[in-house]
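Numbering (our numbering), first residue to last: -1 to 66.
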């Protein structure tokens, strides 16, 4: 039973940490943490940006500059 609960917790944590993709456009790498894609539309263009950076302990200046 412990194995079941351990597997359940691991699956829940992995599901919460997996980003959801809302577009299928190809992405280009901007830097090691950022990917972006530009999509032409009839009324202009659309930009998709994926920023992902893992930190176990957040940096204080990055935390203070983050939008609320």
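Each residue gets a CB set at the ideal place from its N, CA and C atoms; glycine is no exception.
Inter-residue spacing [alpha-carbon to alpha-carbon] between residue i and residue j
i: residue 36; j: residue 12; result: 29 Å
i: residue 9; j: residue 0; result: 14 Å
i: residue 32; j: residue 39; result: 23 Å
i: residue 5; j: residue 41; result: 47 Å
Contacts around residue i, its chain only, beta-carbon distance under 8 Å, and the 5 residues preceding and following it disregarded
i: residue 34; result: 25, 26, 28, 45, 46, 47, 48
Helix, strand or coil at residue i according to DSSP, with G and I counted as helix
i: residue 52; result: coil
i: residue 21; result: coil
Closest residue to residue i among the options (Cα-Cα distance)
i: residue 23; options: 55, 43, 7, 5; result: 43
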